[in-house]
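Okay, so here's the structure we're looking at.
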Amino acid sequence: MIQFLIDKINEEELPFGKPENIKIVDLGTGNGHLLFQLHEDILEECAYQDEIKFDFKGIDYSPDSVEFAIKIAEQKYPQAAFQFEQVDLLTKENKFLLTNSSQFDILLDKGTLDAIALNQNVIPEFDNKIGMDIYASQVSQLMHENSILLITSCNFTESELIKIITQDKSNCLTVWSKIEYPSFQFGGVKGSTICSIAFIKN
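Using full-length UniProt numbering, you'd call the opening residue of the sequence shown number 1 and step up by one each time.
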């Protein structure tokens, strides 16, 4: 995921151009490792690190995870623009979604949708839908036109992931790009044990 993003930045292939500031949010950040590694790799490999300011935001359902990520950021990266916040994405009247509406250029999900999909309990305030079915409409509120949602999943096939995020092409999210992984073939069907897809908001 990190190499994919850095390559897109270096090759000036981001759909929103080369802005002075790129705001990134990690959905389900845990201890913040993905953001910390992205920050380190940008310093080493990004050709535009001196021209673009990167803001990193991590959100997680677990307050303990957020507290841990904050401590790591304060100890190891005091000069970087890291922020962490406890957020439950699957609630209505969501303060974080309201205050950050259309604010992020890049949204990252490394296994969060997978975790949400494990819980099949219905959510009454969303007409008894399950979390997996409201995920896309919730996170898309954080995106502006041409924002990217980059998701990596170990539980869903490419076609399943596309269906979940685009809601059968009924919303504003469409496939923008994909990360290619080594694949295998079984029973005449070609596939991979992991899939990463970048969706764009139209």
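Yeah, the Cβ is synthetic: ideal placement off N, Cα and C, and Gly gets one too.
Task: Stretch-stretch touch, CB-based, cutoff 8 Å, three pairs: the stretch 66-74 with the stretch 19-34 - done: The stretch 66-74 and the stretch 19-34 touch, with no fewer than 3 CB-CB distances between them shorter than 8 Å.
- [ ] Would you kindly work out how many angstroms separate the C-alpha atoms of Lys-49 and His-39, rounded to a whole number?
- [x] Against the sequence shown, residue 49 aligns to sequence position 49. Against the sequence shown, residue 39 aligns to sequence position 39. Correcting the residue identity first, residue 49 is Gln in this sequence and not Lys. Taken atom to atom, the span from the alpha-carbon of Gln-49 to that of His-39 is near 10 Å.
Open item on the list: Strictly by DSSP, which residues pair up with Asp-60?
Closed with: Against the sequence shown, residue 60 aligns to sequence position 60. Secondary-structure assignment with DSSP links Asp-60 through a beta bridge to Gln-86.
Open item on the list: With the cut-off set at 8 Å, would you say Ile-165 and Ala-136 are in Cβ contact?
Closed with: Counting from one through the sequence shown, the residue named residue 165 turns up at place 165. Counting from one through the sequence shown, the residue named residue 136 turns up at place 136. Yes. Within cutoff.
TODO: Just tell me which of Ser-62, Ser-147, Lys-8, Ile-134 has its CA closest to the CA of Ile-24.
DONE: For the purposes of this step, residue 24 is taken as residue 24 along the sequence shown, with counting starting at 1. Check the Cα spacing between Ile-24 and each of Ser-62, Ser-147, Lys-8, Ile-134: the tightest is with Ser-147.
Task: Counted within 10 angstroms of its Cβ, other Cβ atoms place Asp-88 as buried (16 or more) or exposed - done: If you number the sequence shown from 1, residue 88 lands on position 88. Under this definition Asp-88 is an exposed residue.
Open item on the list: Three Cβ pairs or more, each shorter than 8 Å: is that satisfied between the stretch 73-81 and the stretch 116-129?
Closed with: With contact defined as three or more Cβ pairs closer than 8 Å, the stretch 73-81 and the stretch 116-129 are not in contact.
Open item on the list: If you follow the alpha helix (DSSP H) that Asp-114 is in, where does it begin and where does it stop?
Closed with: Mapped onto the sequence shown, residue 114 falls at position 114. Boundaries of the alpha helix (DSSP H) around Asp-114: 112-118.
Open item on the list: Is Lys-178 close to the ligand PLP? I mean its beta-carbon at under 7 Å from any heavy atom of the ligand.
Closed with: Within the structure as shown, the ligand PLP is missing, as the structure has no ligands at all.
- [ ] Measure the C-alpha to C-alpha separation of Ser-153 and Pro-78 and round it to an integer number of angstroms.
- [x] Residue numbering aside, residue 153 sits at position 153 when the sequence shown is read from its first letter. Residue numbering aside, residue 78 sits at position 78 when the sequence shown is read from its first letter. In this model, Ser-153 and Pro-78 are separated by some 31 Å (Cα to Cα).
TODO: Please classify Met-143: does DSSP put it in a helix, a strand, or coil?
DONE: The residue given as residue 143 occupies position 143 in the sequence shown. In the three-state reduction of the DSSP assignment, Met-143 falls in the strand class.
Task: For Ser-177, the first and last residue of its enclosing beta strand (DSSP E) - done: Position 177 of the sequence shown, counted from the start, is the residue given in the question as residue 177. Element bounds for Ser-177: 173-179.
Task: Close beta carbons around Val-175, own chain, < 7 Å, minus the five adjacent residues each side - done: Locating residue 175 in the sequence shown gives position 175, where the first residue counts as 1. Here the set comprises Ile-162, Ile-197, Phe-199.
Open item on the list: Helix, strand or coil for Thr-152? Go by DSSP, reduced to three states.
Closed with: As a first step, residue 152 is located in the sequence shown; it is residue number 152 there, counting from the start. If DSSP states are grouped into helix, strand and coil, Thr-152 belongs with the strands.
Task: Spatial distance of Ile-42 from Asn-10 (CA atoms) - done: Indexing the sequence shown from 1 puts residue 42 at position 42. Indexing the sequence shown from 1 puts residue 10 at position 10. Distance between the alpha carbons of Ile-42 and Asn-10 is about 10 Å.
Open item on the list: Please classify Ser-101 as buried or exposed, where buried requires at least 16 other C-beta atoms within 10 Å of its C-beta.
Closed with: Translated into the one-based positions of the sequence shown, residue 101 becomes position 101. Answer is exposed; the Cβ neighbour count stays below 16.
TODO: Kindly say whether Leu-161, judged by its beta-carbon, lies nearer than 8 Å to any beta-carbon of chain C.
DONE: Absence of chain C from the displayed structure is noted, only one protein chain being present.
- [ ] Please specify which runs of the beta strand (DSSP E), each continuous and at least 3 residues long, are wholly inside the stretch 10-80, giving them in chain order.
- [x] Within the stretch 10-80, the complete beta strand (DSSP E) runs of at least 3 residues are 21-27, 53-60.
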